[in-house]
Structure formats: structure tokens, C-alpha cells
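Below is one structure, written out as C-alpha cells; comments come after it.
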Amino acid sequence: MPLLKLEDTYLHKGKRRALVAELKSKGIQSQEVLNAINTLPRHFFFDSALISHAYEDKAFPIGEGQTISQPYTVAFQTELLNIHHGDKVLEIGTGSGYQGSILHLLGAEVYTIEYQRKLFEGTSKFLKRLGIEMNLFYGDGTGGLPAYAPFDKILVTAGAPIIPEALISQLKPGGILVIPVGDRKKQAMIKITKKNDGTLSREEYDNFAFVPLLGKDGWR
Ligand code: SAH
310 MPLLKLEDTY
320 LHKGKRRALV
330 AELKSKGIQS
340 QEVLNAINTL
350 PRHFFFDSAL
360 ISHAYEDKAF
370 PIGEGQTISQ
380 PYTVAFQTEL
390 LNIHHGDKVL
400 EIGTGSGYQG
410 SILHLLGAEV
420 YTIEYQRKLF
430 EGTSKFLKRL
440 GIEMNLFYGD
450 GTGGLPAYAP
460 FDKILVTAGA
470 PIIPEALISQ
480 LKPGGILVIP
490 VGDRKKQAMI
500 KITKKNDGTL
510 SREEYDNFAF
520 VPLLGKDGWR
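Written out as C-alpha cells, the structure reads:
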């Protein structure tokens, strides 16, 4: 029932408003980020069987052993990126396409890479159907996307063992990289800012639990 899935009812809208209030109470401050979450129907990105859970502040399976990130995590990472209209943003880990769509709604030009072919194919088709335009790539994102670099912002949505050097080199001066780094179970959220003189500053935030980043500079 594909048409039913893409219906955004008053019930969904109400649950979404409640989710936004919950994110605010958990500390998310950016009104732009909260508005984007309030606008984008998260249930569109869910398997039909799980739709009733779409507005819980939890991660859920999207197939291929992967998950759609918890709304709080999406909000937290997006807030750290401080997206401005027209920013060129690279996302590693397309997954369901939800996080990328939030970036798109904030006015970013989105480039996103996915390592699992089935997810890449499914999400590409689905975003086309939704009419959400972004540049999707299949492959290992730990090397970034040299042909399209540099980027204003880079976001990694899987847990990394180290910060891949390629991602830092593909940041513009003034650019921001947000990446969860740690072991396989938990990762600290790290924000790297490349200053205009090329030097880096590093801020560390709370722990999160992401699925592992695979590939050359990921977990093998
Ligand atoms: N941003 C996603 C969350 C996806 S979970 C969303 O909004 O739904 C993390 C995703 O990263 C998974 O889909 C996983 O397959 C992908 N991934 C893991 N290692 C990767 C790599 N090296 N390059 C690209 N994607 C990767």
C-alpha cells in the first residue's frame, strides 16, 4: 500500500509536534533544526510494519542490519553542523535518507555516500519518489568524495574508530566535521573546525551508540 505509507495525517503531525517538544526538553535549541524535524514526516522513511513507532525518540531497523538514527541524534548532529542555506554538505552513511533530507530542508546542497548497495538503491528510488533532490553515491565514504571536494560541512552517521584523514583534507577553511568516534559500542561526538589559517580545533560532546562505520578507515 505505497500511497497509504506516504499519507501524513493529523495523528502523525500531532505525534511529530510532541517529538519536537521532547527534543527541545532534551536540550536541542536550534529553532531551524526543530522546524525541519517538525516538517519532515519521519514515518515515510520507515518500513510499513514499524510506522507506528516513527515518532518515538529511538533508532529503528531499516534493513541490511542498519538503522535510522534516533531523532535526538539527528537533531544533535545537525545542530553542531550549524547549516546555512547553500552549504555544500557531505554525509557518510545515507541509510534511510532521513538525515540527508533534514539537511536538504535546511537549504544544504547534499552529497551522501552509502556502503550497502541495497540501501543505496532503495533510498535513491524512494527520495526520487518524494521529490527530494540530493546527490547519492554508492561506496566507501571513509575516503570522502575527492571529485566534489571541498565541503563546507561533513557529517558521519556511523561510529568510527578514528577520524579519517581524507575527511579533514576535504573540508573548506572555516568548515566543520561532525563524527562519532570510539569503540564498537559507544562513541563520543566530536566536532572538528578547520580554521581559516588551516589549523584545527576539536570539541568533544556526549556519548552515542551508532552502527559501525565500515570500509578502509572504518571497522573492517
Ligand atoms: N543517516 C542515516 C543513518 C544510517 S546508519 C539515516 O538518516 O537513516 C549508518 C549508515 O552508514 C548505514 O546505512 C551504513 O550502511 C552506512 N555506512 C557504514 N559504513 C559506511 C562507509 N564506510 N561509507 C558509507 N556508508 C557507510
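Counting from 310, one number per residue, gives the positions in the sequence shown under our numbering.
Quick reminder that beta carbons are idealized off the backbone N, C-alpha and C, glycines included.
Being a predicted model, the structure only gives us computed values, none of them experimental.
Along the chain, where does the alpha helix (DSSP H) that runs through residue i open and close?
{"i": "Gly404", "result": "Gly404 -> no alpha helix (DSSP H), and no H or E assigned at all."}
{"i": "Leu315", "result": "Where Leu315 is concerned, there is no enclosing alpha helix (DSSP H), given that its DSSP letter is neither H nor E."}
So the candidates are the options; which of them puts its Cα closest to the Cα of residue i?
{"i": "Ala469", "options": "Phe429, Phe517 and Lys503", "result": "Phe517"}
{"i": "Ser334", "options": "Phe354, Gly491, Lys503 and Asp366", "result": "Asp366"}
{"i": "Pro350", "options": "Leu328, Gln479, Leu445 and Ile499", "result": "Leu328"}
{"i": "Ala384", "options": "Leu522, Ile411 and His321", "result": "Ile411"}
{"i": "Tyr364", "options": "Glu331, Lys324 and Glu400", "result": "Lys324"}
{"i": "His362", "options": "Gln338, Gln379 and Gln375", "result": "Gln379"}
{"i": "Val342", "options": "Leu399, Leu414 and Gly372", "result": "Leu414"}
{"i": "Asn347", "options": "Tyr407, Ala358, Leu359 and Gln375", "result": "Tyr407"}
Does any residue of chain D bring its CB to less than 8 Å from the CB of residue i?
{"i": "Thr382", "result": "Here there is only one protein chain, and chain D is not present."}
Is it the case that the CB of residue i approaches a heavy atom of the ligand SAH more closely than 7 Å?
{"i": "Ala518", "result": "no"}
{"i": "Ser378", "result": "yes"}
{"i": "Thr451", "result": "yes"}
{"i": "Leu523", "result": "yes"}
{"i": "Tyr407", "result": "yes"}
{"i": "Leu412", "result": "no"}
{"i": "Glu316", "result": "no"}
{"i": "Ile371", "result": "yes"}
{"i": "Ile423", "result": "Strictly speaking, residue 423 in this sequence is Glu, with Ile absent from that position. For the ligand SAH, at least one heavy atom lies less than 7 Å from the Cβ of Glu423."}
{"i": "Gln375", "result": "yes"}
{"i": "Ile401", "result": "yes"}
{"i": "Ala384", "result": "no"}
{"i": "Gly323", "result": "no"}
{"i": "Gly404", "result": "yes"}
Nearest-angstrom Cα distance between residue i and residue j?
{"i": "Thr403", "j": "Glu423", "result": "5 Å"}
{"i": "Pro482", "j": "Asp506", "result": "7 Å"}
{"i": "Ile472", "j": "Tyr319", "result": "42 Å"}
{"i": "Pro521", "j": "His394", "result": "30 Å"}
{"i": "Asp356", "j": "Phe435", "result": "12 Å"}
{"i": "Leu428", "j": "Thr421", "result": "12 Å"}
{"i": "Asp396", "j": "Glu513", "result": "23 Å"}
{"i": "Ala458", "j": "Lys503", "result": "14 Å"}
{"i": "Lys494", "j": "Arg326", "result": "31 Å"}
{"i": "Ser510", "j": "Ile501", "result": "6 Å"}
{"i": "Ser339", "j": "Glu331", "result": "14 Å"}
{"i": "Leu315", "j": "His321", "result": "11 Å"}
{"i": "Gly450", "j": "Val398", "result": "13 Å"}
Hey, could you find the ends of the beta strand (DSSP E) residue i is sitting in?
{"i": "Thr376", "result": "Gln375 to Ile377"}
{"i": "Thr421", "result": "Glu418 to Glu423"}
{"i": "Gly483", "result": "Leu480 to Gly491"}
{"i": "Ile346", "result": "Element bounds for Ile346: not the beta strand (DSSP E) but the alpha helix (DSSP H), Gln340 to Thr348."}
Per DSSP, which one or two residues make a beta bridge with residue i?
{"i": "Glu430", "result": "Answer by DSSP bridge pairing: none, since Glu430 is not bridged."}
{"i": "Thr502", "result": "Ile485 and Ser510"}
{"i": "Phe446", "result": "Ile422"}
{"i": "Asn516", "result": "Ala497"}
{"i": "Ile463", "result": "Leu399 and Leu486"}
{"i": "Tyr385", "result": "Here residue 385 turns out to be Phe, not Tyr, going by the sequence shown. Partner(s): none; Phe385 has no beta bridge."}
So is the beta-carbon of residue i under 7 Å away from any non-hydrogen atom of the ligand SAM?
{"i": "Gly484", "result": "Summarising the ligand content, the structure contains the ligand SAH and does not contain the ligand SAM."}
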